[in-house]
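Numbering (the UniProt record's numbering), first residue to last: 1 to 133. Virtual Cβ for every residue (Gly too), placed ideally from N, Cα, C. Have a look at the structure below before the remarks.
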Amino acid sequence: MLRSLRPLITLWVVSAALPAVGASGFAGEFLAVGAGARGLALGNAYVATARDATAGYWNPAGLSGAVREVHLMHAERYAGLVDQDFVAATFDAPYTDGAAISLLRLGVEDIAFTTLPNPAAPLGPDNRPLVSS
Numbered sequence: 001m002l003r004s005l006r007p008l009i010t011l012w013v014v015s016a017a018l019p020a021v022g023a024s025g026f027a028g029e030f031l032a033v034g035a036g037a038r039g040l041a042l043g044n045a046y047v048a049t050a051r052d053a054t055a056g057y058w059n060p061a062g063l064s065g066a067v068r069e070v071h072l073m074h075a076e077r078y079a080g081l082v083d084q085d086f087v088a089a090t091f092d093a094p095y096t097d098g099a100a101i102s103l104l105r106l107g108v109e110d111i112a113f114t115t116l117p118n119p120a121a122p123l124g125p126d127n128r129p130l131v132s133s
């Protein structure tokens with residue numbers, strides 16, 4: 001009986017996990033934006049051909065053929081609301097074919113800091129952040 005239920009259980013587990021594939025949480029959003037003009041121009045289909053400083057982001061195995069270089073990128077999305085900065089450098093390292101250091105920043109500037117009237121109380125109709133503009 002268990003053998004006949006195996007395909008049904010497999011289908012149920014896979015279908016239960018599918019909503020998580022399209023979910024976009026803010027914690028890992030930097031992994032979905034991409035890096036480098038060439039990789040972004042190719043629609044993020046750059047994993048197999050990355051041989052420059054952006055290989056540290058796209059595919060670290062591509063560092064074996066990379067030469068020393070520095071890569072700088074700044075982009076703005078949504079009419080300047082979201083800033084994306086990327087810095088990468090490749091270099092020779094002992095006992096490796098190549099190494100890279102990468103820094104990717106994805107941020108939103110000028111977010112208003114608001115406080116609750118009573119921080120010890122839970123959020124509710126009488127305890128909401130006050131914002132004026």
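**OP:** Would you give the residue range spanned by the alpha helix (DSSP H) that residue 30 belongs to?
**Re:** 30-33
Subject >> Near the ligand HEM: residue 55 beta-carbon under 8 angstroms from a heavy atom >> reply: What this structure holds is no ligand at all, so the ligand HEM is not there to describe.
Original post:
What are the boundary residues of the beta strand (DSSP E) that residue 120 is part of?
Top reply: Counting along the chain, residue 120 falls outside any beta strand (DSSP E), and DSSP gives it neither H nor E.
Original post:
Grouping DSSP H, G and I as helix and E and B as strand, with all else coil, what is residue 3?
Top reply: helix
Subject >> Nearest-angstrom Cβ-Cβ length linking residue 48 and residue 66, presumed shorter than 8 angstroms >> reply: Contact flag wrong, Cβ pair sits at about 14 angstroms.
Original post:
Using the rule of at least 16 other Cβ atoms within 10 Å of the residue's Cβ for burial, across every protein chain shown, is residue 58 buried or exposed?
Top reply: Residue 58 counts as buried, since no fewer than 16 other beta carbons sit within 10 angstroms of its beta carbon.
Original post:
residue 68 to residue 86, Cα distance in whole Å?
Top reply: 17 angstroms
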